[in-house]
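Read through the structure below, which is laid out as structure tokens, and then see the notes.
Protein chains: 2
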Amino acid sequence: MAHDCAFLEDLDLADDQRSFAAGSRESHAADWGAERKGRGVVPDAVVWPESTADVSAVLAAATDHGVPVTPFAAGTGLEGTAVPAEKGISMDLTRMDDVLEYRPDDFQIDVGPGIIGADVDEYVADDGLFFPPLPSSGDISTIGGMIATDASGMGTVRYGEIADWVLGLEAVLADGTVIETGSRAIKTSSGYNLTEILIGSEGTLAVVTRATLELAGRPEQIRGGRAIFETLDDATEAVFDAVRTDLDVAKIEVVDGLSARMANAYTGSDLPDAPMVFLEFHANHGVDEEIDLCRTIFEDHDVLRFEMSADDDEMESLWRARRELAYAVTNYDPGLEPLQPGDVTVPISNYPEIVHEAKRLEDEHDVLVPCFGHAGDGNLHYSVLVDPDDPDHVERGEALYKEIVERAMAIGGTSTGEHGIGQGKREYLEAEHGPGAVDAMRRIKRALDPTGTLNPGKIFLE
Amino acid sequence: MAHDCAFLEDLDLADDQRSFAAGSRESHAADWGAERKGRGVVPDAVVWPESTADVSAVLAAATDHGVPVTPFAAGTGLEGTAVPAEKGISMDLTRMDDVLEYRPDDFQIDVGPGIIGADVDEYVADDGLFFPPLPSSGDISTIGGMIATDASGMGTVRYGEIADWVLGLEAVLADGTVIETGSRAIKTSSGYNLTEILIGSEGTLAVVTRATLELAGRPEQIRGGRAIFETLDDATEAVFDAVRTDLDVAKIEVVDGLSARMANAYTGSDLPDAPMVFLEFHANHGVDEEIDLCRTIFEDHDVLRFEMSADDDEMESLWRARRELAYAVTNYDPGLEPLQPGDVTVPISNYPEIVHEAKRLEDEHDVLVPCFGHAGDGNLHYSVLVDPDDPDHVERGEALYKEIVERAMAIGGTSTGEHGIGQGKREYLEAEHGPGAVDAMRRIKRALDPTGTLNPGKIFLE
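Chains as they are written, first to last, in the numbering used here: chain V, 13 to 474; chain G, 13 to 474.
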């Protein structure tokens, strides 16, 4: 249903802060996961707020007029979180990308939601600091988007997720009320933790207009490398053993043989098409001892090759198959399309099982399922490649996708480790959390956004 | 106002699970911070649930009958969180103290809310694991109480607070609905973070009946010791420099000269009555290098003595003044009584300032204010010792107490770092968070507990 958004003309915004043009509207109707699914609708208008006051004015007016607002930024989401499920306004926050205050002595920085993750890292680099929880898309995704989905990435096994590095937020509720959450003190037990209820709420409760992030000191020693295994079970069980042994590793990524084959083809590498584990160690002390420990553990699982380096170029070269994987998968076979990239996370003791199950389903359904992921977190990423012209193949791919999610939940895992529910995972919410918890979430939604202005059609099934 | 709690007789509870006796009721009307304040009222009845079903039945019936329920456990709180502000039922959770499931391979344990913190540590010790965020009262406080206040402690500077180590909860809402929050996966971005909204909500939103805790591997090397400084400014600035330098320290506690004098008198020590910093280092690698770095930093601040040890008994001896401090303060002068133990937390760069200000106010008001605390977190603990028979002295003490809290908030800090708001800090809530955020908290309270059954009179002013 189209909404009359003419009221945007009456707000105190510059002409280039609103658009009703088809091009603008269409460019705000897709994300990285939306291509095949045909998710969402084209908004009626796009606004580009440049201040908290702009956000507040637009939200208050939209709520008054009963017009839905879908927050948008880089558009790199996978589950359709920022793609409108209902028409109305797309609120593009990419112009609010300033560093607002930097307090290096406190390891803190205040930023606008539209700032790119890597720009935060660059801003603080001269002081030997960094923002540890950036996802792999950190050089194109915004901090606001990461907060919306409680994103995480390769470094999460050592450093945690976005939520662990956000001290406080400024945010605007649907009625235009500006709230501040959290504290610049690194701990507080004052009142309800509004910061954490907003993180991961996918823009359904409030629009974040400022985030206070914690930073960390860059480790003095970094080593990176790669291990190659004969079987995928060897690789996943080696990772489990490493985590169980409390190995201090900063990144530990599994890539299955199929993904290795795709990466080798894409990069022209002569590596074997065998399961690989990509590693990075960060430490101020004892990095060599941890690498030795890792090698010993991996040898117990018949590792074929174990190569590590302290040289930046060499590390990059060892990691190349992992870095290029997303492109390699997409370009592997022009006749196949990724149905939907997915991610699930399970307790680490069940990681070998979920990966094994994904590959078993690949055989059973005769659908290619390249598997990789942040193994140290128990996080499995997978693509399902189908022939779009073969409805039966597509159907088998969709069934397989669903079976992996359900299997992950059945063994104590979550339907989405780091991409949010958005539109793509709504059907799993109640199975994962139970009706009582989902009802509690709905009550919170109604309490903070009684008119349902903010990002309707996300997280909850109607 | 007394409430008719006779309906408890109709519930499926054993006789020893409810009491209307004065002794039971009175023992549930105080906590460690309540002595002088005369906070709270005596409940009409006490119930001891032994299962989630018991909690659910009592809450559902209490809500039906319009009777308030105040959750209670060890009674070690400082802000009156577990002391009834309204009569009704005190729900004592200490019998729900079981280990429900232990998954050492996943570094996870499920426990009842009534389990004592140290008992968790003991349970997992044989596997080389521990629960890192225990507060100093961990050997007498319950996990449920720690979750209620988002407690933290000496180890927070390295390991974080309770919230960082809780993966999920089972909890009962006021209407008796049982919900499960979080996931056994160590990360999830599925739905709203109900776990974190319950942690620190002081039993006003739900009663926690099970907690899934994360564990950590015990560090291979532990060193402990003590540094003595000439001035308190030297000590606090040394701590700030250490934190700013990213020193990997597991505990770093400041004790002012007055507290040192009290501790020395209490323990019969011949140490100087000088400001001290107590340290503990945990690491698998490089602990000696970190200690050397710390010593160098402290020498820049004219440290007088710097003593470290790897021997358990010797460490204990070096730390004795800190360990005995609570008793030393209470026993220092029989003519003085602690008005109220307080804690505030500020950004680490403002730690020297808040401590300096506390001592300045001590002089200005001529009231003894022993200062100590988890300095690495920017956390200041202080007692205000007053002559209870001198109303003017009491009044000056109360003014001083308030001035420290307000000063902490003015420089970016929080009114309560680790003890919660309870009844004691309610007046600061709105000043700290602003009216918009407090209104959002109230909306969440009404959404989850529309009848106001759970722990009324806490966190919010009427």
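For each residue, glycine too, the CB sits at the ideal point set by N, CA and C.
To the nearest whole angstrom, what separates the beta carbons of residue i and residue j, a pair I think is in contact under 8 Å?
{"i": "residue 370 of chain G", "j": "residue 265 of chain G", "result": "At roughly 16 Å, the Cβ-Cβ gap does not stay under 8 Å, so residue 370 of chain G and residue 265 of chain G are not in contact."}
{"i": "residue 172 of chain G", "j": "residue 154 of chain G", "result": "With a Cβ gap of about 19 Å, residue 172 of chain G and residue 154 of chain G do not count as contacting."}
{"i": "residue 242 of chain G", "j": "residue 316 of chain G", "result": "6 Å"}
{"i": "residue 392 of chain G", "j": "residue 438 of chain G", "result": "Residue 392 of chain G to residue 438 of chain G, Cβ: 20 Å. No contact."}
{"i": "residue 466 of chain G", "j": "residue 279 of chain G", "result": "Their Cβ separation, rounded to whole angstroms, is 43 Å, which puts residue 466 of chain G and residue 279 of chain G out of contact at 8 Å."}
{"i": "residue 434 of chain V", "j": "residue 89 of chain V", "result": "6 Å"}
{"i": "residue 122 of chain G", "j": "residue 112 of chain G", "result": "4 Å"}
{"i": "residue 57 of chain G", "j": "residue 25 of chain G", "result": "Going by Cβ atoms, the distance from residue 57 of chain G to residue 25 of chain G rounds to 11 Å, so no, they are not a contact pair."}
{"i": "residue 468 of chain G", "j": "residue 145 of chain G", "result": "So it is not a contact: roughly 29 Å between Cβ atoms."}
{"i": "residue 209 of chain G", "j": "residue 174 of chain G", "result": "Going by Cβ atoms, the distance from residue 209 of chain G to residue 174 of chain G rounds to 14 Å, so no, they are not a contact pair."}
{"i": "residue 157 of chain G", "j": "residue 86 of chain G", "result": "6 Å"}
{"i": "residue 51 of chain V", "j": "residue 78 of chain V", "result": "Going by Cβ atoms, the distance from residue 51 of chain V to residue 78 of chain V rounds to 23 Å, so no, they are not a contact pair."}
{"i": "residue 356 of chain V", "j": "residue 221 of chain V", "result": "With 8 Å as the limit, residue 356 of chain V and residue 221 of chain V do not qualify as a contact, their Cβ atoms being about 32 Å apart."}
Among the options, which has the Cα closest to the Cα of residue i?
{"i": "residue 382 of chain V", "options": "V:403, V:407 and V:350", "result": "V:350"}
{"i": "residue 218 of chain V", "options": "V:189, V:224 and V:194", "result": "V:189"}
{"i": "residue 183 of chain V", "options": "V:352, V:207, V:177 and V:272", "result": "V:207"}
{"i": "residue 201 of chain G", "options": "V:441, V:448 and V:465", "result": "V:441"}
{"i": "residue 107 of chain G", "options": "G:30, G:150 and G:136", "result": "G:30"}
{"i": "residue 342 of chain G", "options": "G:319, G:277, G:389 and G:429", "result": "G:277"}
{"i": "residue 231 of chain G", "options": "G:222, G:378, G:293 and G:240", "result": "G:293"}
{"i": "residue 430 of chain G", "options": "G:160, G:141 and G:100", "result": "G:160"}
{"i": "residue 336 of chain G", "options": "G:175, G:21, G:290 and G:121", "result": "G:290"}
{"i": "residue 180 of chain G", "options": "G:205, G:320 and G:163", "result": "G:205"}
{"i": "residue 41 of chain V", "options": "V:101, V:212, V:67 and V:307", "result": "V:101"}
{"i": "residue 420 of chain V", "options": "V:389, V:377 and V:366", "result": "V:366"}
{"i": "residue 140 of chain G", "options": "G:158, G:152, G:156 and G:120", "result": "G:120"}
{"i": "residue 471 of chain V", "options": "V:432, V:464 and V:451", "result": "V:432"}
{"i": "residue 239 of chain V", "options": "V:221, V:284 and V:457", "result": "V:284"}
{"i": "residue 53 of chain V", "options": "V:451, V:34 and V:142", "result": "V:34"}
{"i": "residue 338 of chain G", "options": "G:43, G:394, G:422 and G:17", "result": "G:394"}
Looking only at its chain, what residues have a beta carbon closer than 7 Å to the beta carbon of residue i, apart from the 5 residues adjacent to it on each side?
{"i": "residue 148 of chain V", "result": "165 and 166"}
{"i": "residue 415 of chain G", "result": "373"}
{"i": "residue 23 of chain V", "result": "69, 70 and 73"}
{"i": "residue 270 of chain V", "result": "380 and 382"}
{"i": "residue 45 of chain G", "result": "89, 90, 91, 92, 352, 353 and 436"}
{"i": "residue 168 of chain V", "result": "145, 386 and 389"}
Anyone know if the C-beta pair for residue i and residue j falls short of 9 Å?
{"i": "residue 368 of chain V", "j": "residue 282 of chain V", "result": "no"}
{"i": "residue 287 of chain G", "j": "residue 300 of chain G", "result": "no"}
{"i": "residue 344 of chain V", "j": "residue 453 of chain V", "result": "no"}
{"i": "residue 459 of chain V", "j": "residue 455 of chain G", "result": "yes"}
{"i": "residue 228 of chain V", "j": "residue 258 of chain G", "result": "yes"}
{"i": "residue 82 of chain G", "j": "residue 116 of chain G", "result": "no"}
{"i": "residue 298 of chain V", "j": "residue 296 of chain G", "result": "yes"}
{"i": "residue 364 of chain G", "j": "residue 248 of chain G", "result": "yes"}
{"i": "residue 379 of chain V", "j": "residue 409 of chain V", "result": "yes"}
{"i": "residue 377 of chain V", "j": "residue 412 of chain V", "result": "yes"}
{"i": "residue 226 of chain G", "j": "residue 178 of chain G", "result": "yes"}
{"i": "residue 5 of chain G", "j": "residue 462 of chain G", "result": "The shown model of chain G, from 13 to 474, leaves out residue 5 of chain G, and the question about it has no answer."}
{"i": "residue 199 of chain V", "j": "residue 162 of chain G", "result": "yes"}
{"i": "residue 464 of chain V", "j": "residue 450 of chain G", "result": "no"}
{"i": "residue 307 of chain G", "j": "residue 318 of chain G", "result": "yes"}
Could you name the residues of the same chain whose beta carbon sits closer than 8 Å to that of residue i, not counting the 5 residues immediately before and after it, in chain order?
{"i": "residue 424 of chain V", "result": "358, 359 and 362"}
{"i": "residue 312 of chain V", "result": "250 and 253"}
{"i": "residue 118 of chain V", "result": "196"}
Enumerate in chain order the residues of its own chain whose CB-to-CB distance from residue i is below 6 Å, with the five nearest sequence positions on each side excluded.
{"i": "residue 170 of chain G", "result": "262"}
{"i": "residue 110 of chain G", "result": "124"}
{"i": "residue 150 of chain G", "result": "129 and 130"}
{"i": "residue 253 of chain G", "result": "309"}
{"i": "residue 260 of chain G", "result": "302"}
{"i": "residue 327 of chain G", "result": "236 and 321"}
Original post:
Would the stretch 390-407 of chain G and the stretch 59-68 of chain G be scored as touching if the rule is three or more Cβ pairs under 8 Å?
Top reply: no
Original post:
Any contact of the stretch 87-97 of chain G with the stretch 191-201 of chain G, i.e. 3+ C-beta pairs under 8 Å?
Top reply: no
Original post:
For the stretch 231-239 of chain V against the stretch 302-317 of chain V, are there 3 or more C-beta pairs whose distance is under 8 Å?
Top reply: yes
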